[in-house]
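Chemist:
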Amino acid sequence: MEHNSNGTLEFLKFYEDPDAPTYFGELDYYLKDGIHIQEYGDQINYYKFLKKHKEDLNKYYQHFYGIHLMEENLQSDSYFFLNFNTSNRGKIPSSHRDVLKNKYIIVGIIMYKIIFYEGNVELNSLAALQEMIRNDYEEYKEGLIRLFAQSSGDVKIDDDDKMIDNVVLAALQNFKRLGWIDLDQDYFETRPSFQRINTIYEDIIPKIDDIIASYQ
């Protein structure tokens, strides 16, 4: 491990940046919470700090937590996140160990399919998204609700539209927390980091309808 002349780990030189006291504390908290950081809105300064020190910060998270700081690029946009997995997330304090519930991932996959596979790129209404999901999966509503219930460990299956709407709303609230979308009451807009859905579940997205139908 490389040290500087003062015996300090070389990659910790990002601490010497005058902006470090302003941005690193909150940035570290956000990243450990699973939030994706991009050059957008109130994240711009955090993004610039990450961009400036990304190599040293990656070494920092590898050394102290055994996890990688990742940067993914989407055309002219990029975003940063910590790449957690089950073997090393235990090194992150328990207060940061929340993971996205499976039923919200299912909503994300359906939402990605509707917007990007089916060409509804101008969709920006929560109510419209809820209605599209109810209508598109009317034939397989029982399967969709069973899949939601099974993925969350629910015993009771409540077969109605309100249950679907509530899961979709909660999913989007969680996507906002992760920095995947903007959400303001009924209005939402996907951010570049929403492409994480496609990165992780690219093989599942085209099959999601068949998966839901199998739960009928």
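Here the numbering used here is used: the first residue of the sequence shown is 29, the next is one more, and so on. All C-beta atoms in this analysis are idealised placements derived from N, C-alpha and C, irrespective of residue type, glycine included. Remember, predicted model here, so these are calculated numbers, not experimental data.
Which first and last residues belong to the alpha helix (DSSP H) in which N130 is found?
Modeler: If you number the sequence shown from 1, residue 130 lands on position 102. Where N130 is concerned, the enclosing alpha helix (DSSP H) stretches over 130-140.
Chemist: Could you pull the DSSP bridge partners for Q66 from this structure?
Modeler: Numbered from 1 along the sequence shown, position 38 holds the residue referred to as residue 66. BP columns for Q66 point to Y107.
Chemist: Taking Cβ positions, are I228 and V196 nearer each other than 8 Å?
Modeler: Reading the sequence shown from its first residue, position 200 is the one you call residue 228. Reading the sequence shown from its first residue, position 168 is the one you call residue 196. No; because the gap between Cβ atoms is not below 8 Å, this pair is not in contact.
Chemist: For N73, count neighbouring C-beta atoms within 10 Å of its own C-beta (all shown protein chains included) and say buried if the count is 16 or more, exposed if not.
Modeler: Position 45 of the sequence shown, counting from 1, holds the residue named residue 73. Looking at its Cβ environment, which holds fewer than 16 other Cβ atoms inside 10 Å, N73 is exposed.
Chemist: Taking 6 Å as the limit between beta carbons, can you name the residues of its chain near K204, skipping five residues before and five after?
Modeler: Residue numbering aside, residue 204 sits at position 176 when the sequence shown is read from its first letter. Cβ within range, chain order: L211.
Chemist: Considering only C-alpha positions, which residue in the set G136, W208, Q90 is nearest to I232?
Modeler: As a first step, residue 232 is located in the sequence shown; it is residue number 204 there, counting from the start. When only C-alpha atoms are compared, the closest one is G136.
Chemist: Once DSSP output is grouped into helix, strand and coil, what is the label at N34?
Modeler: In the sequence shown, the residue the question calls residue 34 occupies position 6. With a pLDDT of 48 at N34, under the threshold of 50, the predicted position of this residue should be treated as unreliable, and no value is reported.
Chemist: Please report the distance separating the alpha-carbon of Y165 from that of I240.
Modeler: In the sequence shown, the residue the question calls residue 165 occupies position 137. In the sequence shown, the residue the question calls residue 240 occupies position 212. Approximately 9 Å, taken between the alpha carbons.
Chemist: When you compare each of I134, L102, Y68, L59 to N86 by their alpha carbons, which one comes out closest?
Modeler: Sequence index remark: in the sequence shown, residue 86 carries index 58 (1-based). The shortest C-alpha separation from N86 is found at L59.
Chemist: Let me know the secondary structure DSSP gives N202 once reduced to three states.
Modeler: As a working mapping, residue 202 is identified with position 174 in the sequence shown. Correct three-state label for N202: helix.
Chemist: What's the C-alpha gap between D61 and Q244?
Modeler: As a first step, residue 61 must be located in the sequence shown, where it is residue number 33. As a first step, residue 244 must be located in the sequence shown, where it is residue number 216. About 35 Å.
Chemist: Quick check: does the Cβ of R224 come within less than 7 Å of any heavy atom belonging to the ligand ATP?
Modeler: For the ligand ATP, the structure offers nothing, since it holds no ligand at all.
Chemist: Look up Y215 in the DSSP assignment and say whether it is helix, strand or coil.
Modeler: As a first step, residue 215 must be located in the sequence shown, where it is residue number 187. In the structure shown, Y215 sits in a strand (DSSP, three-state: E or B).
Chemist: Under the assumption that S242 contacts G147 (Cβ atoms under 8 Å), give the Cβ distance between them as a whole number of angstroms.
Modeler: For the purposes of this step, residue 242 is taken as residue 214 along the sequence shown, with counting starting at 1. For the purposes of this step, residue 147 is taken as residue 119 along the sequence shown, with counting starting at 1. Between G147 and S242 the Cβ distance is about 26 Å, and since that is not below 8 Å, they are no contact.
Chemist: In the DSSP assignment, what residue or residues form a beta bridge with L102?
Modeler: Locating residue 102 in the sequence shown gives position 74, where the first residue counts as 1. Paired residue(s): D105.
Chemist: Checking the sheet assignment: what are the DSSP bridge partners for D193?
Modeler: As a first step, residue 193 is located in the sequence shown; it is residue number 165 there, counting from the start. D193 pairs with nothing; no bridge assigned.
Chemist: Would you mind giving the Cβ-Cβ distance between F39 and A48, rounded to the nearest angstrom? I have them listed as a contact below 8 Å.
Modeler: Counted from its first residue, the sequence shown places residue 39 at position 11. Counted from its first residue, the sequence shown places residue 48 at position 20. With a Cβ gap of about 13 Å, F39 and A48 do not count as contacting.
Chemist: Leaving aside the five residues before and after T218 along the sequence, list all residues of the same chain whose C-beta is less than 6 Å from its C-beta, in chain order.
Modeler: Stepping through the sequence shown from its first residue, residue 218 is reached at position 190. I209, listed in sequence order.
Chemist: Exposed or buried, Q71, counting other C-beta atoms within 10 Å across all chains shown (16 or more means buried)?
Modeler: As a first step, residue 71 is located in the sequence shown; it is residue number 43 there, counting from the start. Result: buried.
Chemist: Leaving out five residues on either side along the sequence, give the residues of the same chain with a beta carbon under 8 Å from the beta carbon of N226.
Modeler: For the purposes of this step, residue 226 is identified with residue 198 of the sequence shown, where counting begins at 1. For N226, where only same-chain residues beyond five positions count, the Cβ hits under 8 Å are Y140, F144, I233.
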